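Residue numbers (our numbering): 334 to 457. Worksheet: one structure, shown below.
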Amino acid sequence: MASSTVTKALLATVTAAALSSGTLTGATSASAEPAQVVAAPASCPRYYFCGYAGANYTNLVFKFTDCYLQPIAARTGGSWYNNQSNGTTARMYDINRRLVYTTPGAPYGDTHGDWRGIRYIDAC
Numbered sequence: 334m335a336s337s338t339v340t341k342a343l344l345a346t347v348t349a350a351a352l353s354s355g356t357l358t359g360a361t362s363a364s365a366e367p368a369q370v371v372a373a374p375a376s377c378p379r380y381y382f383c384g385y386a387g388a389n390y391t392n393l394v395f396k397f398t399d400c401y402l403q404p405i406a407a408r409t410g411g412s413w414y415n416n417q418s419n420g421t422t423a424r425m426y427d428i429n430r431r432l433v434y435t436t437p438g439a440p441y442g443d444t445h446g447d448w449r450g451i452r453y454i455d456a457c
């Protein structure tokens, strides 16, 4: 087998495995964003949900692992990373403890998250 054929076959195998395990998110249509490998920032340990004041996982402000509503300070922009057990979702609530957003299953992150209106996090 030629080198490029082996490389393409290996890439297809790795991509299929990553998609099935949830470590690779991919575009589902031409208008969706391109596929990207989801990698945890060094500041967010395994089994934690981490929140950052800055975009692209900069300026860590909290990391939660416990499963109950935990208050967070009011902020606007930033980012977050869900590095909990595979498939675990985190939930974000407003000041009245109403559910605003449920994250996709871990591992997953948002490099430009919007914290407006979020005052509580339930890490799992």
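Backbone N, C-alpha and C fix where the C-beta goes; we use that ideal spot for every residue, glycine too. Note that the structure is predicted; figures quoted are calculated from it, not measured.
- Distance from the CA atom of Asn429 to the CA atom of Gly420, rounded to whole angstroms, is 27 Å.
- Going by DSSP, Leu393 is part of the beta strand (DSSP E) stretching over 391-397.
- Under the DSSP assignment, Thr444 falls in the beta strand (DSSP E) whose first and last residues are 441-447.
- In this structure, the straight-line span from the alpha carbon of Gly410 to that of Gly387 is close to 7 Å.
- Among the bridge pairs identified by DSSP, Ser412 is matched with Tyr385.
- Ser418 and Ser376 have their alpha carbons spaced roughly 17 Å apart.
- In this structure, Asp447 lies away from Trp413, with their beta-carbon atoms at least 7 Å apart.
- Within the DSSP bridge table, the entry for Asp455 names Arg424 as partners.
- The three-state secondary structure of Leu432, taken from DSSP, is strand.
- At a Cβ-Cβ threshold of 7 Å, Tyr385 and Leu393 count as neighbours.
- In the structure shown, Pro437 falls within a coil segment according to DSSP collapsed to helix, strand and coil.
- For a cut-off of 8 Å, the C-beta gap from Tyr453 to Ile405 is around 7 Å, short enough to register as a contact.
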